[in-house]
Amino acid sequence: MIEKVPQLAFDHNLILDYGYQRLKSKLEYSPIAFDVLPDVFTLNDLYQFYTTVLGENFADYSNFRTRLLKLGFLIDTEKKVSRGAGRPATLYRFDSEAFAPLKDKPFVFI
Numbered sequence: 518m519i520e521k522v523p524q525l526a527f528d529h530n531l532i533l534d535y536g537y538q539r540l541k542s543k544l545e546y547s548p549i550a551f552d553v554l555p556d557v558f559t560l561n562d563l564y565q566f567y568t569t570v571l572g573e574n575f576a577d578y579s580n581f582r583t584r585l586l587k588l589g590f591l592i593d594t595e596k597k598v599s600r601g602a603g604r605p606a607t608l609y610r611f612d613s614e615a616f617a618p619l620k621d622k623p624f625v626f627i
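Per our numbering, the very first residue in the sequence shown carries number 518; after that it's consecutive.
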């Protein structure tokens with residue numbers, strides 16, 4: 518992703534790379550992805566965000582889905598969205614109150 522950015526003026530490529538590295542790092546220990554996504558999202562939306570930032574090989578979808586649902590930070594809105602063929606996807610919302618007790622403790626988010 519970042520390697521496709523053309524040469525920028527001054528040290529802007531370094532600044533961009535630093536921001537990208539910080540985002541990658543924060544994705545591993547914080548719920549920063551939920552600040553980027555809309556209030557309601559599908560698990561596939563979340564998975565696509567993680568694979569875009571961390572790369573295609575970070576996790577397979579079924580493990581990602583299972584782990585996130587077990588954490589208890591996602592609220593099922595009981596709404597569905599249909600985006601083409603296949604079963605409609607469930608919409609979720611991040612529960613910041615469920616995450617609050619852990620925010621100051623060492624924690625691997627994904």
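Glycine residues also receive a C-beta, built at the ideal position from the N, C-alpha and C atoms.
Treat the numbers as computed from the prediction; the structure is a model and nothing was measured.
Between the alpha carbons of residue i and residue j, how many angstroms are there, rounded?
i: LYS597; j: GLY536; result: 34 Å
i: GLY603; j: THR594; result: 20 Å
i: LEU586; j: GLN538; result: 26 Å
i: ALA550; j: ALA606; result: 19 Å
i: LEU608; j: GLU573; result: 23 Å
i: LYS620; j: ALA526; result: 38 Å
i: ILE532; j: PHE616; result: 30 Å
i: HIS529; j: THR568; result: 24 Å
i: LEU588; j: LYS622; result: 15 Å
i: ARG600; j: LEU544; result: 26 Å
i: ASP552; j: PHE558; result: 12 Å
What does a CB cutoff of less than 7 Å around residue i pick up in its chain, not counting 5 residues either side in sequence?
i: TYR578; result: TYR564
i: ASP556; result: ARG610
i: LEU554; result: ASP562, LEU563, PHE566
i: SER613; result: none
My understanding is that residue i touches residue j, with C-beta atoms under 8 Å, so please give their C-beta distance in whole angstroms.
i: LEU570; j: LYS541; result: As written in the sequence, residue 570 is Val, which differs from the Leu given in the question. At roughly 6 Å, the Cβ-Cβ gap stays under 8 Å, so VAL570 and LYS541 are in contact.
i: PHE590; j: PRO548; result: 7 Å
Excluding five sequence neighbours on each side, which residues of the same chain lie with their C-beta closer than 6 Å to the C-beta of residue i?
i: ARG582; result: LEU560
i: ARG584; result: none
Quick one: is residue i near chain C, going by C-beta distance under 8 Å?
i: ASP593; result: Protein chains in the displayed structure number just one, and chain C is not present.
Quick one: what's got a C-beta closer than 8 Å to residue i's C-beta in the same chain, skipping five residues either side?
i: ASP534; result: ILE519
_Just to confirm the assignment: which complete alpha helix (DSSP H) runs, minimum length 4, are found wholly within the stretch 554–584?_
Those alpha helix (DSSP H) runs which fall completely within the stretch 554–584 and span 4+ residues are 560–571.
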